[in-house]
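Here is the structure we will look at, set down as structure tokens.
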Amino acid sequence: MSRPQKWALSGLTLCGILALALYLRQEDLSDPSPLLPRCLLNWTTGAHCPGCGNTRAAQSLLRGDISGAIQQNVVFVAALPLLIWGAARTWWTWINPQTRRTPSGRWKWRHSLYLVALLILFGF
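Every number in my numbering is 15 more than the matching position in the sequence shown, counting from 1.
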């Protein structure tokens, strides 16, 4: 794929993300929405998984209510800057493959265990 095609695809993707953000901002989350998936664990058992509250937290952030977003899912709010940074870095490497560098630090198995433990503790 050529570089101009990558930029065009990036622009279309950004427009789609903005459209979804505007939809989420005005959506009433008390009724089931056809565009928003339901949590399978919550639907079948009534229990909340570690991801429950992400949509409500994102909606609160889009409305400018940071404290409401933290009440819905603090892990999502804390991780969002890292997720955005990682997505931006991946996108930039995709646009400019010649700038690809080896990561400065290596991901270790214990990092994955820490994340799983954090999500399990958060789920309780």
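Note that CB positions come from ideal geometry on N, CA and C, so glycine has one too. Nothing here was measured: the structure is a model prediction, and the numbers come from that model.
Query	Result
Closest residue to residue 114 among 19, 105, 53 (Cα-Cα distance)	105
Where residue 47 sits in the DSSP three-state scheme	coil
With 16 other Cβ atoms within 10 Å as the buried cut-off, status of residue 41	exposed
Start-to-end residues for the alpha helix (DSSP H) that takes in residue 30	18-41
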